[in-house]
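Accompanying notes for the structure given below.
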Amino acid sequence: MYRILKGKEVADSMLEETRVIVEQMERKPHLAIVLVGNDPASEVYVKKKLQKAETVGIRTTMKRMDENTSEEDVLKIVEQLNDDSDVDGFIVQAPLPKQIDFTKIVEMIKPEKDVDGWTSANMGRMFVGLPALMPATPLGVMKMLEYYEIELNGKNVTVIGRSNVVGKPLALMLLKKNATVTVCHSRTKNLSVHTKNADVVVAAVGKPGLVTANMIKEGAYVIDVGTTRVDGKIKGDVLFEEVIKKANCSPVPGGAGPMTVAVLISNVVMAAQMTAGK
Ligand SMILES: NC(=O)c1ccc[n+]([C@@H]2O[C@H](COP(=O)([O-])OP(=O)(O)OC[C@H]3O[C@@H](n4cnc5c(N)ncnc54)[C@H](OP(=O)(O)O)[C@@H]3O)[C@@H](O)[C@H]2O)c1
Numbered sequence: 422m423y424r425i426l427k428g429k430e431v432a433d434s435m436l437e438e439t440r441v442i443v444e445q446m447e448r449k450p451h452l453a454i455v456l457v458g459n460d461p462a463s464e465v466y467v468k469k470k471l472q473k474a475e476t477v478g479i480r481t482t483m484k485r486m487d488e489n490t491s492e493e494d495v496l497k498i499v500e501q502l503n504d505d506s507d508v509d510g511f512i513v514q515a516p517l518p519k520q521i522d523f524t525k526i527v528e529m530i531k532p533e534k535d536v537d538g539w540t541s542a543n544m545g546r547m548f549v550g551l552p553a554l555m556p557a558t559p560l561g562v563m564k565m566l567e568y569y570e571i572e573l574n575g576k577n578v579t580v581i582g583r584s585n586v587v588g589k590p591l592a593l594m595l596l597k598k599n600a601t602v603t604v605c606h607s608r609t610k611n612l613s614v615h616t617k618n619a620d621v622v623v624a625a626v627g628k629p630g631l632v633t634a635n636m637i638k639e640g641a642y643v644i645d646v647g648t649t650r651v652d653g654k655i656k657g658d659v660l661f662e663e664v665i666k667k668a669n670c671s672p673v674p675g676g677a678g679p680m681t682v683a684v685l686i687s688n689v690v691m692a693a694q695m696t697a698g699k
C-alpha cells in the first residue's frame, strides 16, 4: 500500500511550531490581507488565512476593497501598509480585478513585508541564495517532501507548471536540494515521458485529471498542487484514486493547500523577527 501524503498533517505540525514561537514573543506579529472584489474562492482562502493566523496568536487586519476599485487606490493601501510600522507583513490576495496590474501592485510591496514572497527582490535573493521571504506554495511542497523524508539528492523530479509563483521557484528549491529537475508546461511534448522517468512529480497546472496512473512510475511520490473548482468541489490535477494504487500521492483537498497557509503564517513570524533584527 502506498502512502497518502497528508499536507494537512504536516501543516498542523508547522502551525503548532509557529504557535509556540509566537507565544514566546512579547510583541505579537501582525498580518494584513488586502482583498479586492468578491471572488468566492478568494473569500474562502482569505478567511482561512486569517483564521489560522489568529489560531497561532498572530494579530490580523483585513482591508476589503470594492470590485471596481482603481489600481491607484490599491497602490495607496499598499503604501499605507508599507509605512505602518505595526504591520509586519501583508499580502494582496490574487486574483485581482482586470483593471489592476497585479505585478505592479506586488512590486510596490516592501520586500521585508512581502510574506507571499512574490516580489522580484525576494525572488532574486532566493535565486542567489540570500535570506529571503520565500513563496508559500513551493516552500510548502518542499516542507512536505522533508516531513515525509523523501530523498531528493540525485533524484529525478518533474515539475508540471512554470508559473512565477509555483513552478519556477519550486524548480529552484529542488535544484538546491540536488535534484535533477525537469520543468514541463503547456508546450511540452509527450508529458508522460517526463513524468514516467521521475522519482517525484509535482503537478501545478489547474487541469483536473491531467496526471493519470499510467504516467507515473511505480512507487514514485506525487504532490498535487492543482486546485480547480468543479461543481462546487475542489479538484487537483492528479487522478488520486488511481495514482494512489501505484504511487505515494497527496490528496486534494488536504494536501498542498493547507501547507501554503502554514508557510504564509510562518513567513509573517519570520518577517517580524527580521524587522526586530533577530
Ligand atoms: N494549493 C494552493 O495553495 C495553491 C497555491 C497556488 C496555486 N494553486 C493551484 O495550482 C495550480 C497552478 O497555479 P499557478 O498559479 O502556477 O497557475 P498558472 O499561472 O495558470 O500556471 C499553470 C502552468 O501550467 C502549465 N500548463 C497548462 N496546461 C498544461 C498542460 N496541458 N500540460 C502541462 N502544463 C500545462 C502552464 O504552461 P504555460 O506556462 O506554457 O502556460 C503554466 O506554466 C492552479 O490550479 C492553482 O489554483 C494552489
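Its first residue numbered 422, the sequence shown is counted upward by one per residue in our numbering.
Glycine is no exception: its CB is placed at the ideal position from the N, C-alpha and C atoms.
In this text the structure is predicted, and so the values were computed from the model without any measurement.
(Q) Between Leu456 and Arg485, how many whole angstroms is the CB-CB distance? I'm expecting something under 8 Å. (A) 5 Å
Q) What three-state label does DSSP hand Asn574 in the structure shown? A) coil
Q) Is the closest heavy atom of ligand 1 to the C-beta of Thr649 under 8 Å? A) yes
Q) At what residue ranges does the segment 552-596 contain a whole run of the beta strand (DSSP E), taking only runs of 3 or more? A) 577-581
Q.
Check whether the segment 546-564 and the segment 675-686 are in contact - that is, three or more C-beta pairs closer than 8 Å.
A. yes
Q) Between the C-alpha atoms of Glu488 and Lys638, what's the straight-line distance to the nearest angstrom? A) 45 Å
Q) With a Cβ-Cβ cutoff of 9 Å, do Val622 and Lys576 count as a contact? A) no
Q.
Alpha carbons only, please: which of Leu596, Glu444 and Tyr568 is nearest the one belonging to Val580?
A. Leu596
Q) Under the rule that 16 or more other beta-carbon atoms within 10 Å means buried, what is Pro461, buried or exposed? A) exposed
**Q.** Contact under 9 Å by Cβ, Gly647 with Ala624
**A.** yes
Q: May I ask you to report which of helix, strand or coil DSSP gives Arg440?
A: helix
Q: Pull up the DSSP beta-bridge partners for Arg485, would you.
A: Leu456
Q.
Can you check whether the C-beta of Val682 is within less than 9 Å of a C-beta belonging to chain D?
A. Protein chain content of the structure displayed is limited to a single chain, and chain D is not contained in it.
Q.
Pull the bridge partners of Gly510 from the DSSP assignment, please.
A. Leu452
Q) So, Gly627 versus Thr649, is the Cβ gap smaller than 9 Å? A) yes
Q. Based on the DSSP output, what are the partners of Val632 in its beta bridges?
A. Val659
Q) Among Pro532, Glu572, Met435 and Leu554, which has the Cα closest to the Cα of Tyr642? A) Glu572
Q | For Ile644, the first and last residue of its enclosing beta strand (DSSP E) | A | Tyr642 to Asp645
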